[in-house]
Amino acid sequence: MQTPPPLSFDFAPWRLSGTVYGTLLNDPAALAALGDAAHAAPYKAPPYAPVLYVKPRNTLAANGATTAVPASAPALEIGASLGIVISRATCRTSARHAMAHVAGWTLVADLSVPHNSFYRPGVRFKALDGSCMLGPRVVPLHAIPDPDALTLLVSVPGSGARNFTTGGMQRRVTQLIQDVSAFMTLSAGDVLMLGVKAGSPQATVGDSFTIECAQIGTLQGHLIAQTLEEVA
Amino acid sequence: MNTARVAYAGAIHEAHPHADGLQLADGRVLREHDVVWLPPFEVGTIVALGLNYADHVKELSKELTVTSKDEPLVFLKGPGALLGHRGMTRRPDGVNFMHYECELAVVIGATARGVQQADAMRHVAGYTVCNDYAIRDYLENWYRPNLRVKNRDGGTVLGPWFVDAADVPDPHRLSLRTIVNGKVTQSGNTSDMVNDIPALIAYLSGFMTLQAGDVILTGTPDGVVNVNVGDEIVTEIDGVGRLVNTIVGDDSFRIQEPPSCASNT
Numbered sequence: 048m049q050t051p052p053p054l055s056f057d058f059a060p061w062r063l064s065g066t067v068y069g070t071l072l073n074d075p076a077a078l079a080a081l082g083d084a085a086h087a088a089p090y091k092a093p094p095y096a097p098v099l100y101v102k103p104r105n106t107l108a109a110n111g112a113t114t115a116v117p118a119s120a121p122a123l124e125i126g127a128s129l130g131i132v133i134s135r136a137t138c139r140t141s142a143r144h145a146m147a148h149v150a151g152w153t154l155v156a157d158l159s160v161p162h163n164s165f166y167r168p169g170v171r172f173k174a175l176d177g178s179c180m181l182g183p184r185v186v187p188l189h190a191i192p193d194p195d196a197l198t199l200l201v202s203v204p205g206s207g208a209r210n211f212t213t214g215g216m217q218r219r220v221t222q223l224i225q226d227v228s229a230f231m232t233l234s235a236g237d238v239l240m241l242g243v244k245a246g247s248p249q250a251t252v253g254d255s256f257t258i259e260c261a262q263i264g265t266l267q268g269h270l271i272a273q274t275l276e277e278v279a
Numbered sequence: 018m019n020t021a022r023v024a025y026a027g028a029i030h031e032a033h034p035h036a037d038g039l040q041l042a043d044g045r046v047l048r049e050h051d052v053v054w055l056p057p058f059e060v061g062t063i064v065a066l067g068l069n070y071a072d073h074v075k076e077l078s079k080e081l082t083v084t085s086k087d088e089p090l091v092f093l094k095g096p097g098a099l100l101g102h103r104g105m106t107r108r109p110d111g112v113n114f115m116h117y118e119c120e121l122a123v124v125i126g127a128t129a130r131g132v133q134q135a136d137a138m139r140h141v142a143g144y145t146v147c148n149d150y151a152i153r154d155y156l157e158n159w160y161r162p163n164l165r166v167k168n169r170d171g172g173t174v175l176g177p178w179f180v181d182a183a184d185v186p187d188p189h190r191l192s193l194r195t196i197v198n199g200k201v202t203q204s205g206n207t208s209d210m211v212n213d214i215p216a217l218i219a220y221l222s223g224f225m226t227l228q229a230g231d232v233i234l235t236g237t238p239d240g241v242v243n244v245n246v247g248d249e250i251v252t253e254i255d256g257v258g259r260l261v262n263t264i265v266g267d268d269s270f271r272i273q274e275p276p277s278c279a280s281n282t
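Going line by line, the protein sequences match chains A and B.
The numbering used here applies: residue 48 is where the first sequence begins, and numbers increase by one.
The numbering used here applies: residue 18 is where the second sequence begins, and numbers increase by one.
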């Protein structure tokens with residue numbers, strides 16, 4: 048398993064750092080789907096601050112990559128998110144100044160083993176090799192006048208296609224940057240995912256999928272079975 | 018052999034212990050305070066374990082919502098958390114409970130995927146000491162422990178030395194302790210890990226590829242207490258190292274008022 052070279056682009060900061068943070072439950076519908084459970088044990092209360100997760104370097108993959116589905120998982124969830132590419136050190140940055148810290152935008156295919164408990168970090172579900180595809184390119188900040196009103200089309204041939212909008216999130220792009228940078232510094236080339244909408248499709252061994260955004264392009268991936276050689 | 022990475026006189030150097038402090042690869046001998054200590058190796062993925070010492074589980078049992086422990090509690094951290102020996106870690110004004118965690122850090126050498134426990138130790142390059150701070154005020158029960166608790170800037174201290182695996186004959190029989198302002202506040206032994214190093218490598222490599230430079234922070238025993246601005250925290254593991262860190266306040270960061278989550282309703 049080889050980590051791909053970081054995606055590069057022709058404006059500062061020129062390449063991704065390789066650090067990718069996901070944002071959990073930024074879609075109010077995803078939280079609402081939990082119903083009263085969000086107020087009951089083990090959660091006790093809905094999230095207050097942004098809930099993040101790390102997509103480590105073994106997960107990073109390029110557009111068109113192939114991802115192995117573990118034998119223990121019948122399918123993977125194909126999460127589609129806008130990727131916010133950070134331009135410079137971002138520490139305690141207000142929403143008002145947040146866009147000055149954004150270099151541009153990309154798409155993220157965040158693949159995970161479906162899980163319905165969010166109490167523990169779920170690394171086993173979210174850190175599969177090749178489960179974070181970035182691309183097909185990074186477009187500059189001003190290529191997208193309103194990042195909170197994009198349409199992402201997720202298609203899994205055989206299971207149809209679904210449209211998602213980046214709108215209606217609990218935290219829009221600038222607010223997310225403010226609330227994340229309040230407790231940790233983001234660096235040039237880091238990718239912060241705006242978050243996956245509720246109702247992501249699933250795909251299984253043999254499937255291909257695409258995530259399309261008119262302003263960014265089409266990100267595609269393929270799922271295969273995990274081979275014995277790979278595990279050995 | 019013990020190896021450090023230090024900044025000195027405009028460059029980053031590999032260094033080794035010397036009777037008078039440390040010696041750079043180019044021959045210069047320096048005192049401990051003459052250099053800036055960096056994490057002692059190029060750090061890849063940072064994997065941390067929670068609740069991996071039985072006594073620490075007991076210590077936290079009152080606040081645990083779920084006590085079942087059917088698989089290791091693993092979480093990941095970003096590179097912004099990293100800090101070297103003799104660094105300074107910020108304690109935000111107004112928090113009630115920020116604590117250290119003395120942990121044996123296991124550094125991966127050879128790529129590991131689907132590794133059996135019996136073969137796991139062959140993938141270990143070496144060890145260092147970690148002090149992995151947490152601010153419990155920010156605990157929430159979503160992907161707990163959440164990054165706001167455990168992924169603070171400069172909250173994951175590593176060093177001073179990377180120690181070759183060959184020089185640590187039994188990593189599962191090491192005394193470790195934390196000393197706050199000269200007083201021992203935490204004391205334990207790596208023999209008390211719930212999931213030992215082979216079990217952790219087998220578990221992790223069962224779903225992800227571990228690569229050279231990835232580090233596993235193996236958890237902490239009981240005895241975590243609050244630390245305050247000005248405290249000197251020494252985390253120490255016999256045969257691995259003695260890692261010093263100082264707690265600093267908001268003043269030097271020019272923070273006027275604590276940031277909040279204004280968008281949350």
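Ideal Cβ positions, reconstructed from N, Cα and C, are used throughout, including at glycine.
Treat the numbers as computed from the prediction; the structure is a model and nothing was measured.
### Message
Give the list of continuous beta strand (DSSP E) stretches no shorter than 3 residues that lie fully inside the region 114-159 of chain B.
### Response
For the region 114-159 of chain B, whole beta strand (DSSP E) runs of length 3 or above, ordered along the chain, are 119-125 and 141-149.
### Residue interval of the alpha helix (DSSP H) (run including Thr-221 (chain A))
Locating residue 221 (chain A) in the first sequence gives position 174, where the first residue counts as 1. Counting along the chain, the alpha helix (DSSP H) containing Thr-221 (chain A) begins and ends at 220-228.
### Beta-carbon contacts of Asn-113 (chain B) that lie in its chain and below 6 Å, excluding the five residues immediately before and after
Along the second sequence, read from residue 1 onward, the residue named residue 113 (chain B) stands at position 96. Around Asn-113 (chain B): Asp-154.
#### Entry: Beta-carbon spacing of Gly-172 (chain B), Ala-65 (chain B) below 8 Å
Working through the second sequence from its first residue, we reach residue 172 (chain B) at position 155. Working through the second sequence from its first residue, we reach residue 65 (chain B) at position 48. No, Cβ-Cβ distance for Gly-172 (chain B) and Ala-65 (chain B) is not below 8 Å.
### Task
Compute the Euclidean distance between the alpha carbons of Gln-225 (chain A) and Cys-138 (chain A), then round it to the nearest angstrom.
Sequence index remark: in the first sequence, residue 225 (chain A) carries index 178 (1-based). Sequence index remark: in the first sequence, residue 138 (chain A) carries index 91 (1-based). Cα-Cα distance, rounded: 9 Å.
### Query
Helix, strand or coil for Asn-168 (chain B) per DSSP?
On the second sequence, residue 168 (chain B) is found 151 positions in, with the first residue counted as 1. Asn-168 (chain B): coil per DSSP, three-state reduction.
### Message
For chain B, check one thing: does any of its Cβ atoms lie closer than 8 Å to the Cβ of Ser-234 (chain A)?
### Response
One-based indexing of the first sequence puts residue 234 (chain A) at position 187. When Cβ-Cβ separations below 8 Å define contact, Ser-234 (chain A) makes contact with chain B.
### Query
For the region 170-184 of chain A, which residues have a beta carbon sitting closer than 8 Å to at least one beta carbon of chain B?
Listed by position, the residues of the region 170-184 of chain A near chain B (Cβ gap below 8 Å) are Val-170, Arg-171, Ala-174, Leu-175 and Asp-176.
### Message
Assuming Tyr-25 (chain B) is part of the beta strand (DSSP E), what are its boundary residues?
### Response
For this step, residue 25 (chain B) is matched to residue 8 along the second sequence. First-last of the beta strand (DSSP E) with Tyr-25 (chain B): 19-25.
### Message
So, for Asp-110 (chain B): in the same chain, excluding its five sequence neighbours on each side, which residues have a beta-carbon less than 8 Å away from its beta-carbon?
### Response
In the second sequence, the residue the question calls residue 110 (chain B) occupies position 93. If we look at Asp-110 (chain B) and ignore the five residues flanking it on each side, its Cβ neighbours are Gly-266, Asp-267, Ile-272 and Pro-275.
### Query
What residue from B:Ile-63, B:Leu-193, B:Leu-227 and B:Pro-177 has the CA that sits closest to Val-261 (chain B)'s CA?
Working through the second sequence from its first residue, we reach residue 261 (chain B) at position 244. That would be B:Pro-177, whose Cα lies nearest to the Cα of Val-261 (chain B).
#### Entry: CB-CB length for Asp-254 (chain A) against Leu-270 (chain A), believed under 8 Å
If you number the first sequence from 1, residue 254 (chain A) lands on position 207. If you number the first sequence from 1, residue 270 (chain A) lands on position 223. Correct: roughly 5 Å between the Cβ atoms.
### Message
According to DSSP, Glu-124 (chain A) sits in a beta bridge with which residue or residues?
### Response
Here residue 124 (chain A) corresponds to residue number 77 of the first sequence, with the count starting at 1. A:Ser-159 and A:Gln-249, per the DSSP bridge assignment.
### Assigned exposure category for Val-46 (chain B) - 16 Cβ within 10 Å defines buried
Numbered from its first residue, the second sequence carries residue 46 (chain B) at position 29. Exposed: under 16 other Cβ atoms inside 10 Å.
### Task
Just the C-alpha distance for Gly-143 (chain B) and Gly-205 (chain A), rounded to the nearest angstrom, thanks.
Locating residue 143 (chain B) in the second sequence gives position 126, where the first residue counts as 1. Locating residue 205 (chain A) in the first sequence gives position 158, where the first residue counts as 1. Going from the Cα of Gly-143 (chain B) to the Cα of Gly-205 (chain A) covers about 49 Å.
### Message
Our contact map puts Pro-97 (chain A) next to Val-227 (chain A) with C-beta atoms below 8 Å; I'd like the distance itself, whole angstroms only.
### Response
Sequence index remark: in the first sequence, residue 97 (chain A) carries index 50 (1-based). Sequence index remark: in the first sequence, residue 227 (chain A) carries index 180 (1-based). Their Cβ separation, rounded to whole angstroms, is 5 Å, which keeps Pro-97 (chain A) and Val-227 (chain A) in contact under 8 Å.
### Task
Decide yes or no for the touch test of the region 177-186 of chain A against the region 52-72 of chain A: beta carbon pairs closer than 8 Å, at least 3 of them.
As far as the Cβ criterion goes, the region 177-186 of chain A touches the region 52-72 of chain A, which means the pair count is three or higher.
#### Entry: Segment contact, 8 Å Cβ cut-off, at least three pairs: the region 166-180 of chain A with the region 110-127 of chain A
yes
### Query
According to DSSP, which residues form a beta bridge with Trp-152 (chain A)?
By one-based count along the first sequence, residue 152 (chain A) stands at place 105. In DSSP, Trp-152 (chain A) forms a bridge with A:Ile-131 and A:Val-186.
#### Entry: Under 7 Å from the C-beta of Pro-117 (chain A): neighbouring residues of chain B
Within the first sequence, residue 117 (chain A) is the residue found at index 70, counting from 1. Those within 7 Å of Pro-117 (chain A) in chain B are Phe-224.
### Beta-carbon contacts of Val-23 (chain B) that lie in its chain and below 6 Å, excluding the five residues immediately before and after
Taking the second sequence and counting its residues from 1, one reaches residue 23 (chain B) at position 6. Within the same chain, Val-23 (chain B) has close Cβ partners His-30, Ala-32, Val-52 and Trp-54.
### Message
Once DSSP output is grouped into helix, strand and coil, what is the label at Pro-194 (chain A)?
### Response
Position 147 of the first sequence, counted from the start, is the residue given in the question as residue 194 (chain A). Here Pro-194 (chain A) sits in helix by DSSP.
### Task
Tell me whether Asn-105 (chain A) sits in a helix, a strand or coil according to DSSP, three-state version.
Residue numbering aside, residue 105 (chain A) sits at position 58 when the first sequence is read from its first letter. DSSP places Asn-105 (chain A) in helix when its eight states are reduced to three.
### Query
At a CB-CB cut-off below 9 Å, which residues of chain A make contact with Ser-62 (chain B)?
Working through the second sequence from its first residue, we reach residue 62 (chain B) at position 45. In the sequence under discussion, the amino acid at residue 62 (chain B) is Thr, which differs from the Ser named in the question. Per Cβ cutoff of 9 Å: Val-101, Pro-103, Arg-104, Asn-105 and Ala-174.
### Task
Tell me where the alpha helix (DSSP H) around Arg-171 (chain A) begins and ends.
To locate residue 171 (chain A), count along the first sequence from 1; it is residue 124. 170-173 is the extent of the alpha helix (DSSP H) around Arg-171 (chain A).
### Query
From the beta carbon of Asn-212 (chain B), is the nearest beta carbon of chain A less than 8 Å away?
As a first step, residue 212 (chain B) must be located in the second sequence, where it is residue number 195. Not one chain A Cβ lies under 8 Å of Asn-212 (chain B).
### Query
What separation, rounded to the nearest whole angstrom, lies between the Cα atoms of Ala-229 (chain A) and Leu-164 (chain B)?
For the purposes of this step, residue 229 (chain A) is identified with residue 182 of the first sequence, where counting begins at 1. For the purposes of this step, residue 164 (chain B) is identified with residue 147 of the second sequence, where counting begins at 1. Those two C-alpha atoms are separated by around 12 Å.
### Task
With a 10 Å radius around its C-beta and 16 neighbouring C-beta atoms as the bar for buried, classify Arg-218 (chain A) as buried or exposed.
Locating residue 218 (chain A) in the first sequence gives position 171, counting from the first residue. So Arg-218 (chain A) ends up on the buried side.
### Task
Let me know the alpha helix (DSSP H) ranges lying completely inside the region 202-264 of chain B, each 4 residues or longer, listed in chain order.
214-222
### Closest Cα partner of Ser-119 (chain A) within the set B:Val-74, B:Val-257, B:His-140 and B:Gly-223
Position 72 of the first sequence, counted from the start, is the residue given in the question as residue 119 (chain A). Answer by Cα proximity: B:Gly-223.
### Task
Decide yes or no for the touch test of the region 34-48 of chain B against the region 114-127 of chain B: beta carbon pairs closer than 8 Å, at least 3 of them.
no
### Task
Could you spell out where the alpha helix (DSSP H) holding Pro-75 (chain A) opens and where it closes?
As a first step, residue 75 (chain A) is located in the first sequence; it is residue number 28 there, counting from the start. Run containing Pro-75 (chain A): 75-79, per the alpha helix (DSSP H) assignment.
### Message
My output table needs one value for Val-74 (chain B): the three-state DSSP class, helix, strand or coil.
### Response
Reading the second sequence from its first residue, position 57 is the one you call residue 74 (chain B). Reduced to three states, the DSSP call for Val-74 (chain B) is helix.
### Task
Could you list the residues in the region 104-118 of chain B with a C-beta less than 7 Å from some C-beta on chain A, going in chain order?
none
### Message
Please report whether the beta-carbon of Gln-228 (chain B) lies at a distance below 8 Å from any beta-carbon of chain A.
### Response
Taking the second sequence and counting its residues from 1, the one referred to as residue 228 (chain B) is at position 211. Chain A, which has a Cβ nearer than 8 Å to the Cβ of Gln-228 (chain B), makes this yes.
### Query
Counting contacts by CB-CB distance shorter than 8 Å, is Asp-170 (chain B) in contact with chain A?
Position 153 of the second sequence, counting from 1, holds the residue named residue 170 (chain B). Interface residue, yes.
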